[in-house]
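A.B. asks: First the structure, which I've put down as structure tokens, then a few questions once you've had a look.
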Amino acid sequence: MQVFIEFEACEPARTATENGRRTHAKISVSVKGVDESRIAAIRAPPTSAVSAVIFAAKYPGKVIDIEVTVLSDDGGVLATALNAVTLALAHSGIENMGITASCHVALTSNHEYVTDPSLAEASNAIGGITFGFVPNLTQATCVDVYGLLSAPKLTSLMEFAKQRTISILPTLHKAILKSLKKKEEAFVPLHIRHGVTFNTRIITYADDMTLLVQDPLLNKAAEKS
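Residues 1 to 225 (the UniProt record's numbering) are what the sequence shown spells out, left to right.
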């Protein structure tokens with residue numbers, strides 16, 4: 001499963017609030033590459049998670065557009081989207097409160113946990129969760145649950161998912177440091193100011209503005225780096 005993220009911040013029409021200007025950045029998330037019936041469900045959690053960590057008040061009158069394009073889906077699309085968004089956010093230079101780590105965990109009928117289940121594994125599970133967590137804030141920014149689970153099972157599943165998100169933090173940090181190193185090698189000063197548009201794209205470090213993210217737990221990226 002692969003996700004392409006595009007961040008864009010630009011000066012919007014002045015529809016806002018104080019002295020005719022928006023006092024906070026407007027954050028918008030769009031999703032492509034999935035069935036229309038799934039767009040709303042996939043778009044809402046990243047919108048909420050990003051809004052919880054971005055210092056929106058530092059970008060008055062701006063719009064931050066996040067475009068998620070799913071190139072293929074073998075399971076865990078939401079968790080991967082959340083991880084990809086947090087990497088792109090770190091790369092973009094937009095100020096935020098911390099990294100959001102996310103994972104998808106399913107619970108089987110044998111009461112076993114399956115991390116990053118495939119579509120088939122998830123459909124055969126009795127339930128599951130996509131959990132997004134900002135460790136330095138000790139705050140959950142995404143709790144997306146499916147299936148019929150008792151309160152004890154759900155509590156146990158959430159705790160397991162939380163520990164899994166914490167375990168992938170080193171991989172996320174490694175990816176971010178590698179991204180920053182690439183930016184430093186081809187550094188061009190970038191200033192956000194009134195009336196200026198900038199784009200940050202990431203895709204396999206093809207250039208200074210792009211990154212391709214694979215696997216919700218980023219195992220392949222970790223092995224290659």
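Note that CB positions come from ideal geometry on N, CA and C, so glycine has one too.
What is the DSSP secondary structure of Leu-78, reduced to helix, strand or coil?
C.D. replies: Locating residue 78 in the sequence shown gives position 78, where the first residue counts as 1. Three-state result, Leu-78: helix.
A.B. asks: Mind checking which residues open and close the beta strand (DSSP E) that includes Ser-102?
C.D. replies: As a working note, residue 102 is residue 102 in the sequence shown. Taken as a continuous stretch (DSSP letters only), the beta strand (DSSP E) holding Ser-102 covers 101–107.
A.B. asks: Using the C-alpha atoms, what's the distance from Phe-160 back to Leu-177?
C.D. replies: Translated into positions along the sequence shown, residue 177 becomes position 177. Translated into positions along the sequence shown, residue 160 becomes position 160. Roughly 27 angstroms between the two C-alpha positions.
A.B. asks: Per the DSSP calculation, Gln-139 is bridged to which residue(s)?
C.D. replies: The residue labelled residue 139 in the question sits at position 139 within the sequence shown. The partner list for Gln-139 (beta bridge, DSSP) reads Val-134.
A.B. asks: Taking all protein chains shown into account, decide if Pro-46 is buried (16 or more other Cβ within 10 angstroms of its Cβ) or exposed.
C.D. replies: Taking the first residue of the sequence shown as 1, we reach residue 46 at position 46. Classification for Pro-46: buried.
A.B. asks: With a threshold of 16 other CB atoms inside 10 Å of the CB of Asn-124, please say whether the residue is buried or exposed.
C.D. replies: For the purposes of this step, residue 124 is taken as the residue at position 124 of the sequence shown. The residue in question, Asn-124, is exposed, as its Cβ has fewer than 16 Cβ neighbours within 10 Å.
A.B. asks: Starting from Thr-47, follow the alpha helix (DSSP H) in both directions and report where the run begins and ends.
C.D. replies: Along the sequence shown, one-based indexing puts residue 47 at 47. Element bounds for Thr-47: 36–53.
A.B. asks: Between which two residues does the alpha helix (DSSP H) carrying Glu-121 extend?
C.D. replies: The residue labelled residue 121 in the question sits at position 121 within the sequence shown. Glu-121 -> alpha helix (DSSP H) spans 119–124.
A.B. asks: Tell me which residues share the same chain as Lys-162 and place their Cβ nearer than 7 angstroms to its Cβ, disregarding the 5 neighbours each side in the sequence.
C.D. replies: Sequence index remark: in the sequence shown, residue 162 carries index 162 (1-based). Result list for Lys-162: Phe-131 and Phe-133, in chain order.
A.B. asks: Hey, how far is the Cα of Gly-98 from the Cα of Pro-152?
C.D. replies: On the sequence shown, residue 98 is found 98 positions in, with the first residue counted as 1. On the sequence shown, residue 152 is found 152 positions in, with the first residue counted as 1. Between Gly-98 and Pro-152, the C-alpha separation is close to 30 angstroms.
A.B. asks: By DSSP, does Asp-116 sit in helix, in strand, or in coil?
C.D. replies: Numbered from 1 along the sequence shown, position 116 holds the residue referred to as residue 116. Three-state DSSP puts Asp-116 in coil, outside helix and strand.
A.B. asks: Can you tell which of His-24, Asp-73 and Gly-61 has the C-alpha that lies nearest to the C-alpha of Ser-51?
C.D. replies: Here residue 51 corresponds to residue number 51 of the sequence shown, with the count starting at 1. The option with the nearest alpha carbon to Ser-51 is His-24.
A.B. asks: For a test of your reading of the model: does the CB of Leu-169 fall under 7 angstroms from any non-hydrogen atom of the ligand GTP? Yes or no.
C.D. replies: Inclusion of the ligand GTP in the displayed structure is not the case, the ligand content being empty and no account of it being possible.
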